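Step one of this worksheet: look at the structure below.
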Amino acid sequence: MKGNIVQQLNLKLQDNEWPMTYIDHDRKIVRAIVIDKKYNYYFVRAKRDDDFGKATLIETSGGGVEAGENLETALKRELKEELGAKVKIICKIGVVSDYYNLIHRHNINNYYLCEILSFGNKHLTKQEIEDFHLSTLKMKYEKAVTEYKKCATTKVGKLIGARELPVLKYAKKLIDNL
Numbered sequence: 001m002k003g004n005i006v007q008q009l010n011l012k013l014q015d016n017e018w019p020m021t022y023i024d025h026d027r028k029i030v031r032a033i034v035i036d037k038k039y040n041y042y043f044v045r046a047k048r049d050d051d052f053g054k055a056t057l058i059e060t061s062g063g064g065v066e067a068g069e070n071l072e073t074a075l076k077r078e079l080k081e082e083l084g085a086k087v088k089i090i091c092k093i094g095v096v097s098d099y100y101n102l103i104h105r106h107n108i109n110n111y112y113l114c115e116i117l118s119f120g121n122k123h124l125t126k127q128e129i130e131d132f133h134l135s136t137l138k139m140k141y142e143k144a145v146t147e148y149k150k151c152a153t154t155k156v157g158k159l160i161g162a163r164e165l166p167v168l169k170y171a172k173k174l175i176d177n178l
């Protein structure tokens, strides 16, 4: 990166899809914009039918930080589990604070930019396999933007797109300056 100085994103978003009654927990989350040497981007596809409704979505890979884990350790674990990828962390992109009013949760999403070093086996949970039908998506930047917009036809898709499109666009600027 030019000068190695990166201004981090700090976004605070509200859930305008479901009414806010109360928030009873925070969830610390790590997520990544993942690229390879040819500037392909890697995401997960989730097909769900749950309290949020029926939806097929694109989302960055990542998940909850477990007790005793630091953010970078959690990130590497999540990317290995969901993508089967060993990665190099390039930089932290920033933090997006958002809400899922339907499940009374405040999310603190810590986003990173990562480069894939190698692929191996995935280690998906039973819920990720049976409830979310997680699969890996590999695509160029423009296709990813189109996918997020296409998935924004559902309430949960709108929430995810509002959170992830600004991060993806910011990451593209960082990548263009590598």
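Per UniProt numbering, residue 1 is the first one in the sequence shown, and the count goes up by one each step. Backbone N, C-alpha and C fix where the C-beta goes; we use that ideal spot for every residue, glycine too. A quick note: this is a predicted structure, and the numbers were derived from the prediction, not measured.
- Here Val-96 has Leu-11, Asn-109, Arg-163 as same chain residues with Cβ atoms under 6 Å from its own Cβ, once five neighbours each way along the sequence are excluded.
- For Thr-73, the enclosing alpha helix (DSSP H) starts and ends at 71 to 83.
- Beta-bridge analysis with DSSP links Arg-45 to Ile-58, Ser-135.
- Looking only at Gly-68, Tyr-141, Phe-119, the smallest Cα-Cα distance to Ile-175 is reached by Tyr-141.
- The Cβ neighbour count for Ala-67, taken over all protein chains shown within 10 Å, is under 16; the residue is labelled exposed.
- Rounded to the nearest angstrom, the Cβ distance from Ile-29 to Gly-63 is 6 Å, consistent with a contact under 8 Å.
- In the assembly as shown, Lys-150 is an exposed residue. Its beta-carbon has fewer than 16 other beta-carbons within 10 Å.
- Here the alpha carbon of Arg-48 sits roughly 10 Å from the alpha carbon of Glu-128.
- One thing to note: Glu-72 has its Cβ within 8 Å of the Cβ of Ile-89.
- Non-local C-beta neighbours of Asp-51 in its own chain, meaning closer than 8 Å and more than five positions away in sequence, comprise Leu-102, Ile-103, ordered along the chain.
- The C-alpha of Leu-178 lies about 27 Å from the C-alpha of Glu-81.
- With respect to the 8 Å criterion, Ala-74 and Leu-113 are not classified as neighbours on the basis of their beta carbons.
- When DSSP states are grouped into helix, strand and coil, Lys-37 belongs to the coil group.
- Assignment of Tyr-141 by DSSP, reduced to helix, strand and coil, places it in the helix class.
- Assignment of Ala-32 by DSSP, reduced to helix, strand and coil, places it in the strand class.
- In the DSSP assignment, Phe-119 forms a beta bridge with Ala-85.
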